[in-house]
Amino acid sequence: MNEQKVVAEEKKPVQTVIVDPNFEPQIVALCCTYCAYAAADLAGSMRLQYPANTKIVKLPCSGRTDIIHILKAFEDGADGVFVAGCEEGSCHFVSGNFEARRRVKRAKQILDQAGIGGERLEMFNLSAAHGARFAEIATEMAERIRKLGPSPVKNKAPQKAVTA
Amino acid sequence: MIVAEQKALEKIQEMIKPYKKVLVMGCGTCVTVCAAGGQKEVEILASTMRLANQVKGTPQEFAEKTITRQCEWEYLDGAAEEIKSSDAVLSLGCGVGVQAIAERFPSVIVLPGLNTQFFGLPLEQGVWAERCRGCGDCKLDRSAGICYIARCAKSLQNGPCGGSVNGKCEVSKDIPCAWHLIYERLKTLGQLEALDEIIQPKDWSPSFAGKPRKITREDLRITGKAKA
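Going line by line, the protein sequences match chains U and X.
FYI, in this note's numbering the residues of the first sequence are 1 to 164.
FYI, in this note's numbering the residues of the second sequence are 1001 to 1228.
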């Protein structure tokens, strides 16, 4: 019974797209300062266009990403999240980007279990010189989330964490 | 340390279903180290359940609290207010923690969020292995510091059995034969003659198979409570 309910609600966003063609997804980008953050900066300097709803959070390394950061972003209303770290083999801290990838994988499973959908989360690798690639990633992610529709968490009464 | 594993999310959700205000309670000792029920796991679990409830539209409130140890009255008393003000406590402590809450707060509903597994150690980050069964009659002096009770699938006292192949147990190729390990270590220590001596049948009465165990140290009891 519950499973059927979850499945039905997972399909809901697709219907919402038809209802609301003006949906602009809110995307949180967890960016490593050595690559993605610099690449976003470069994209700006190059006057490249990318979705304005991409909210960048600067991290000292993509390996700083924790599952809780991703979940909190969704709790606070993000429609999608992406983690962007250095190219494999180029991490400033040797293996931070590999650790980020493993956590993203686990977080995807958690999002699936929660009924949000793991496809709303992605991990990308790029270098500081990839300004155009950053704009491409941000656009790609926005397109993906637009197709999926708003996060099923939205428009529900917010349940804030009670810190006991 | 005590090693535990989190229960499946569906099982936890099923358990807490009847309760509106749930306190997800972590323990800062063993289960923090084995990444099953520390502050971080409390945050992740509570957040996951909040997200799942928002998707389903289930009204349920989750409070979060992690104390140093769930198995000591003093730390539990420090969280008494939060424990008493919730409809149920989902304990991410080991089985001892869950029972300590139940014992200290008779009117509070407490549910286990973990499956307590064994006494073990982390072989590496993210991998834990059993090392002790708490049998109450330690014989590690007879086996070069390698426990045949915990690490031999048959808990053989005089091994190995015929199932030991190339140093691996017949139960699984991933399990090293405890008696092979003992042999190798005794060889390194130059004490292979220890194997000539047959280990006599074990006294299982102080073990888990006997009765609920209890240790009393009169020298440590607070004066007034101690019986001479």
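Cβ coordinates follow ideal geometry from the N, Cα and C atoms, glycine included.
Counting along the chain, Cys-1132 (chain X) sits inside the beta strand (DSSP E) bounded by residues 1127-1132.
From the beta-carbon of Ser-1047 (chain X), the residues of chain U found nearer than 8 Å are Ile-68, Leu-71, Lys-72, Glu-75, Ala-161. In the DSSP assignment, Cys-1027 (chain X) forms a beta bridge with X:Ile-1067. Looking at the DSSP output, Leu-30 (chain U) shares a beta bridge with U:Val-57, U:Val-83. For Leu-1076 (chain X), the number of other beta carbons within 10 angstroms of its own is at least 16, and it is reported as buried. Excluding residues up to 5 positions away in sequence, Phe-74, Ser-151, Pro-152, Val-153 lie with their Cβ nearer than 8 Å to the Cβ of Ile-116 (chain U) in the same chain. With fewer than 16 other Cβ atoms from the protein chains shown falling within 10 Å of its own Cβ, Val-94 (chain U) counts as exposed. Gly-89 (chain U) does not reach chain X, its nearest Cβ partner there being about 21 Å away, counting only Cβ pairs nearer than 7 Å. By the Cβ-count criterion, Gly-1038 (chain X) is buried, with 16 or more other Cβ atoms from all chains shown falling within 10 Å of its own Cβ.
Among the residues of chain X, those whose CB is under 7 Å from the CB of Val-153 (chain U) are Leu-1051, Gln-1054, Val-1055, following chain order. Within 7 Å of the CB of Gln-49 (chain U), no CB atom of chain X is found; the nearest one sits about 32 Å away. Taking a Cβ-Cβ cut-off of 9 Å, the neighbours of Ile-110 (chain U) in chain X comprise Leu-1009, Ile-1044, Ser-1047, Thr-1048, Leu-1051, given in sequence order. Between the segment 1005-1015 of chain X and the segment 88-106 of chain U there are fewer than three inter-stretch CB-CB distances shorter than 8 Å, so the stretches are not counted as touching. Residue-level contact by beta carbon holds for Lys-1040 (chain X) and chain U, with a gap shorter than 8 Å.
About 11 Å separates the CB atoms of Leu-121 (chain U) and His-69 (chain U); that is not less than 8 Å, and the two are not in contact.
In the DSSP annotation of this structure, Ala-100 (chain U) is not part of any beta strand (DSSP E); the continuous alpha helix (DSSP H) holding it starts and ends at 96-114. Listed by position along chain X, the residues whose Cβ is nearer than 9 Å to that of Gln-26 (chain U) form an empty set, because the closest Cβ is around 15 Å away. The DSSP-derived three-state label of Leu-1220 (chain X) is coil. The bridge partners DSSP lists for Leu-1121 (chain X) are X:Ala-1129. Between the segment 121-131 of chain U and the segment 31-45 of chain U there are three or more inter-stretch CB-CB distances shorter than 8 Å, so the stretches are counted as touching. Within chain X, no residue has its beta carbon less than 8 Å from that of Gly-149 (chain U); the closest one is some 13 Å off. Around the beta-carbon of Gly-1113 (chain X), 16 or more other beta-carbon atoms lie within 10 Å, marking it buried. Between Ala-100 (chain U) and chain X, the shortest Cβ-Cβ separation is not below 8 Å.
Within a 10 Å sphere around the beta-carbon of Gln-1070 (chain X) sit 16 or more other beta-carbons, which makes this residue buried. Interface flag for Gly-96 (chain U) against chain X is unset, since no Cβ pair is found closer than 8 Å.
As DSSP reads the structure, Glu-1103 (chain X) sits in no beta bridge.
Boundaries of the beta strand (DSSP E) around Glu-122 (chain U): 121-125. Shown here for Val-1042 (chain X): same chain residues with a beta carbon closer than 8 Å to its own, the five before and five after excluded, namely Val-1024, Met-1025, Gly-1026, Glu-1064, Lys-1065, Thr-1066, Leu-1092 in chain order. Rounded to the nearest whole angstrom, the CA to CA distance from Ile-110 (chain U) to Gly-118 (chain U) is 8 Å.
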